Amino acid sequence: MHKKVLMSGNHVIGEAAILAGCRFYAGYPITPQNELAEYMAEHMRKTPGGIFIQAESEIAAINMVLGAAAAGARAMTSSSSPGISLKQEGISFLACDELPAVIVNIMRGGPGLGNIAPSQGDYFQATKGGGHGDYRTPVLAPAHIQELADLTMDAFDLADRYRTPVVILADGMMGQMMEPVIFKTPPPRQYDESYVLKGKEMGKSRFIRGLILDAIRMEEHNWKLYRKYQVMAQKEVRYEAHLIEDAEIVIVAYGTAARIAKGAIKRLREEGYAVGLLRPITLWPFPEKELREIAKKVNSFIVFEMSTGQMLEDVKLALEGRAHIDFYGRPGGVIPTPAELAKVIAYKARRNER
Amino acid sequence: MKKVYSRPKSLKPTKFHYCPGCGHSTVHRLICEVIDELSIADRTIGVCPAGCAVIAYNYFDVDMIEAAHGRGCAVATGIKRVLPDRVIFTYQGDGDLAAIGTAETLHAANRGENFTIIFINNAVYGMTGGQMAPTTLTGQFSTTTPFGRSEKLDGYPIRVSELLAQLPGTVYIERCAVNSPLNINRTKKALKKAFLYQMDNDFGLTMIEILSQCPTNWKMSPPDACRWMEEVMMKEYPLGIIKDVTAIKGAE
Ligand code: SF4
Numbered sequence: 001m002h003k004k005v006l007m008s009g010n011h012v013i014g015e016a017a018i019l020a021g022c023r024f025y026a027g028y029p030i031t032p033q034n035e036l037a038e039y040m041a042e043h044m045r046k047t048p049g050g051i052f053i054q055a056e057s058e059i060a061a062i063n064m065v066l067g068a069a070a071a072g073a074r075a076m077t078s079s080s081s082p083g084i085s086l087k088q089e090g091i092s093f094l095a096c097d098e099l100p101a102v103i104v105n106i107m108r109g110g111p112g113l114g115n116i117a118p119s120q121g122d123y124f125q126a127t128k129g130g131g132h133g134d135y136r137t138p139v140l141a142p143a144h145i146q147e148l149a150d151l152t153m154d155a156f157d158l159a160d161r162y163r164t165p166v167v168i169l170a171d172g173m174m175g176q177m178m179e180p181v182i183f184k185t186p187p188p189r190q191y192d193e194s195y196v197l198k199g200k201e202m203g204k205s206r207f208i209r210g211l212i213l214d215a216i217r218m219e220e221h222n223w224k225l226y227r228k229y230q231v232m233a234q235k236e237v238r239y240e241a242h243l244i245e246d247a248e249i250v251i252v253a254y255g256t257a258a259r260i261a262k263g264a265i266k267r268l269r270e271e272g273y274a275v276g277l278l279r280p281i282t283l284w285p286f287p288e289k290e291l292r293e294i295a296k297k298v299n300s301f302i303v304f305e306m307s308t309g310q311m312l313e314d315v316k317l318a319l320e321g322r323a324h325i326d327f328y329g330r331p332g333g334v335i336p337t338p339a340e341l342a343k344v345i346a347y348k349a350r351r352n353e354r
Numbered sequence: 355m356k357k358v359y360s361r362p363k364s365l366k367p368t369k370f371h372y373c374p375g376c377g378h379s380t381v382h383r384l385i386c387e388v389i390d391e392l393s394i395a396d397r398t399i400g401v402c403p404a405g406c407a408v409i410a411y412n413y414f415d416v417d418m419i420e421a422a423h424g425r426g427c428a429v430a431t432g433i434k435r436v437l438p439d440r441v442i443f444t445y446q447g448d449g450d451l452a453a454i455g456t457a458e459t460l461h462a463a464n465r466g467e468n469f470t471i472i473f474i475n476n477a478v479y480g481m482t483g484g485q486m487a488p489t490t491l492t493g494q495f496s497t498t499t500p501f502g503r504s505e506k507l508d509g510y511p512i513r514v515s516e517l518l519a520q521l522p523g524t525v526y527i528e529r530c531a532v533n534s535p536l537n538i539n540r541t542k543k544a545l546k547k548a549f550l551y552q553m554d555n556d557f558g559l560t561m562i563e564i565l566s567q568c569p570t571n572w573k574m575s576p577p578d579a580c581r582w583m584e585e586v587m588m589k590e591y592p593l594g595i596i597k598d599v600t601a602i603k604g605a606e
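Note that the protein sequences, when read in sequence, are chains S and R.
Using the numbering used here, read the first sequence as starting at 1 and increasing by one per residue.
Using the numbering used here, read the second sequence as starting at 355 and increasing by one per residue.
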């Protein structure tokens, strides 16, 4: 068991990754995640077998990760929104080639160059595939630093188990914030050596490819990936239900927005509003069934995001008209206060009653 | 009777899909001969490009991975850093290496990554049907330079080998060709030297640029393509060693 330490989110990701056996990191500078690359620069090179490369671009970084993953290393890259757009080509290739890797997105305000303030504008990009072609990536959305540490370790296991790229989706707030954390001791890696490309040695030569010219065989490959995604959807959903039991209104929020929502709920409860929170921890697969379960008793949902409404679509799809869904969002890097959110929810609650 | 010529062991017994007279098949064979002679088939990993050689993994009987267009050097960097005792090569065409993958190539060279680039220069995009490549000659016709490549409108042909030779991270760069028996033999020697250097060292990029015929898109017969290469293409891309500091570093 490790001691409790006070660390910033970006450093925590780096430390958790190294503890989880990550031995390859490639990245390119972009705010607000530079502290992670800097942590890796120092600590990877102090770790036996650890490799750190400052790549010439995001595109190069993700492709280095692809090569390292093929060669059998636990590999990671990180960036922030515009940089993640550039990595999408490589993420699509990782998904197609069925190679494990962890991609960290410390989101900032967008679109375009945007700004460096915390935002949640990359939900669509992270959960709907992001790059070209028919694929998904598991998306983990931590809301506090301890969870960031735990999910970073879990991300590597998920990536190995399903041979898939896994996205950690946090925002600038999570990256910069300091909180106490206790690092777990992760279980030893379980990854079938037969997937590793290391020269044919005594056996038969192998190749890893994404090009399947025959449409029928490419279709088969797509269905194979799809079946894998179905298994993940059944087994890997994670969420936190906070004060749901007696709730009449349920906020759906993730990451930093969920922290703000908890503050708002405290205020609202003091004013007599029975408000709870459903916080998806996996944004893909999305906790659809759990939402529908809650909708058996609750008729009023409010989706709260630091965007113009992206997860909102998944909530609507999950509930299929079973309940009334409101939305409140602040895009572009604005961080609303719990008081602001509480006011909005109280107003909507009164309006809906009328 | 003694058998003096047969299929290299590392070349799978598969028919090539390349056009008649294409340089790719010759280069594939040479690489396999070298792999066999150095007995490194068990520990070689190749990186395939996007382009005519995209399914090179069907021919080489060594472990292979396919890289996205232009990303060969980044993928090879990842592999080699994780498995420093393996022999890694990328197989890349001119569009792959010198257009969409310029950054990856230049920076792998600048980091002195210890793998070998096998750079196929046929002055045209083969697989996509004969568009202008970064190495297309001035005045050369292609489907996107229907009036001939204009320096003013389309830029100049890039000499990648000379460009990379400027970087201290590169140790051995030679330009070869596969249009004649003499040049084919020289290409094989160069490939072998590059692999040997890689095996004996832990730093420094090696690259063999190979001028390769594309009769289909040059719209020539195979013999004419070999002649055109000698008479026209080699004026822009003269053969020979562009850079060699391996002797200084004691590679041989
Ligand atoms: S198009 Fe050109 S490069 Fe491609 S296989 Fe045919 S001859 Fe070779």
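Note that CB positions come from ideal geometry on N, CA and C, so glycine has one too.
It should be emphasised that the depicted structure is a prediction, and the values quoted were computed from it without experimental measurement.
Given R:ARG515 as reference, the closest of R:LEU545, R:GLU528, R:GLY447, R:SER504 once Cα atoms are compared:
Reading the sequence as shown, one finds Ser at residue 515 of chain R and not Arg. Closest option to R:SER515, Cα to Cα, is R:GLU528.
Exercise for the section: Take the Cβ of R:TYR359 as the centre, count every other Cβ of all protein chains shown within 10 Å, and call the residue buried at 16 or more, exposed below. Expected result: exposed
(Q) Looking at chain S, is there any beta carbon in it that lies within less than 9 angstroms of the beta carbon of R:GLU420? (A) yes
So, helix, strand or coil for R:CYS402, using DSSP? In the displayed model, R:CYS402 falls within a strand according to three-state DSSP.
message: So, with DSSP's three-state summary, where would you put S:GLU179?
response: strand
Strictly below 9 angstroms CB to CB, what residues from chain R border S:LYS357? Chain S is shown only over 1 to 354; residue 357 of chain S falls outside these bounds and no answer can be derived.
Exercise for the section: Would you mind giving the Cβ-Cβ distance between S:ALA149 and S:VAL181, rounded to the nearest angstrom? I have them listed as a contact below 8 angstroms. Expected result: 5 angstroms
>> Please identify, using Cβ separations under 7 angstroms, the residues of the region 207-241 of chain S that lie next to chain R, in order along the chain.
In response: PHE207, ILE208, ARG209, GLY210, LEU211
*asked:* Below 9 angstroms on C-beta distance, what does S:LYS297 contact in chain R?
replied: Residues of chain R passing the Cβ test: none, with the nearest at roughly 49 angstroms.
Q. S:PHE301 versus chain R: which residues are under 8 angstroms apart at the beta carbon?
A. Those within 8 angstroms of S:PHE301 in chain R number zero; the least Cβ separation is about 41 angstroms.
Report task. Answer yes or no: do R:LYS543 and R:TYR526 have a C-beta to C-beta separation smaller than 9 angstroms? Result -> no
Query - Heavy atom of ligand 1 within 8 angstroms of R:ASN571 beta-carbon - result: yes
Report yes or no: is there a C-beta of chain S within less than 9 angstroms of the C-beta of R:GLY432?
Answer yes: the Cβ-Cβ gap between R:GLY432 and chain S drops below 9 angstroms somewhere.
Exercise. Measure from the C-beta of S:LYS87 to each C-beta in chain R and report whether the shortest distance is under 9 angstroms.
Key: no
Helix or strand or just coil, what does DSSP make of R:PRO362?
coil
Problem set entry | chain S within 9 angstroms of R:HIS461, Cβ atoms only | yes
**Item:** Residue closest to S:LEU278, alpha-carbon to alpha-carbon, out of S:MET218, S:LYS296, S:VAL252
**Value:** S:VAL252
**Prompt:** Say the cut is 8 angstroms; is the CB of R:SER496 nearer than that to a heavy atom of ligand 2?
**Reply:** In terms of ligand content, the structure shown lacks ligand 2 and carries ligand 1 instead.
- request: To the nearest angstrom, report how far apart S:GLN120 and R:GLY455 are at their CA atoms.
  value: Each residue's alpha carbon lies about 32 angstroms from the other.
Within a Cβ cutoff of 6 angstroms, which residues of the same chain sit near S:PHE124, ignoring the five residues on either side of it in sequence? GLN310
- Message: What does the alpha-carbon distance come out to for the pair S:MET7 and S:LEU211?
- Response: 43 angstroms
Coarse secondary structure for R:ALA605, derived from DSSP in three states:
For R:ALA605, the predicted structure reports a pLDDT of 42, less than 50, and the residue's modelled location is therefore unreliable. A value from the coordinates is still provided. R:ALA605: coil per DSSP, three-state reduction.
#### Entry: Nearest-angstrom Cβ-Cβ length linking R:PRO486 and R:THR499, presumed shorter than 8 angstroms
The identity of residue 486 of chain R in the sequence shown is Met, whereas the question assumes Pro. Yes, they are in contact, since the Cβ atoms of R:MET486 and R:THR499 sit about 5 angstroms apart, within 8 angstroms.
By the 9 angstroms beta-carbon criterion, what residues does the region 53-64 of chain S contribute toward chain R?
Listed by position along the chain: ILE53, ALA55, GLU56, SER57, ILE59, ALA60, ALA61, ILE62, ASN63, MET64.
message = Between the alpha carbons of S:GLY50 and S:LEU158, how many angstroms are there, rounded?
response = 21 angstroms
ask   = Is the region 423-437 of chain R touching the region 493-511 of chain R in the sense that three or more CB pairs, one from each, lie closer than 8 angstroms?
value = no
**OP:** Would you identify the three-state DSSP class for S:ILE103, choosing helix, strand or coil?
**Re:** strand
query = chain R beta carbons: is any one of them nearer than 9 angstroms to that of S:ILE145?
reply = no
_Does S:GLY9 pass the burial test, meaning 16 or more other C-beta atoms within 10 Å, or should it be called exposed?_
buried
Review point. Cα separation between S:HIS11 and R:ARG435?
Key: 24 angstroms
field: Spatial neighbours of S:ALA247 in its chain, beta-carbon cut-off 7 angstroms, leaving aside the 5 residues before and after
entry: ALA274, VAL275, GLY276, VAL298
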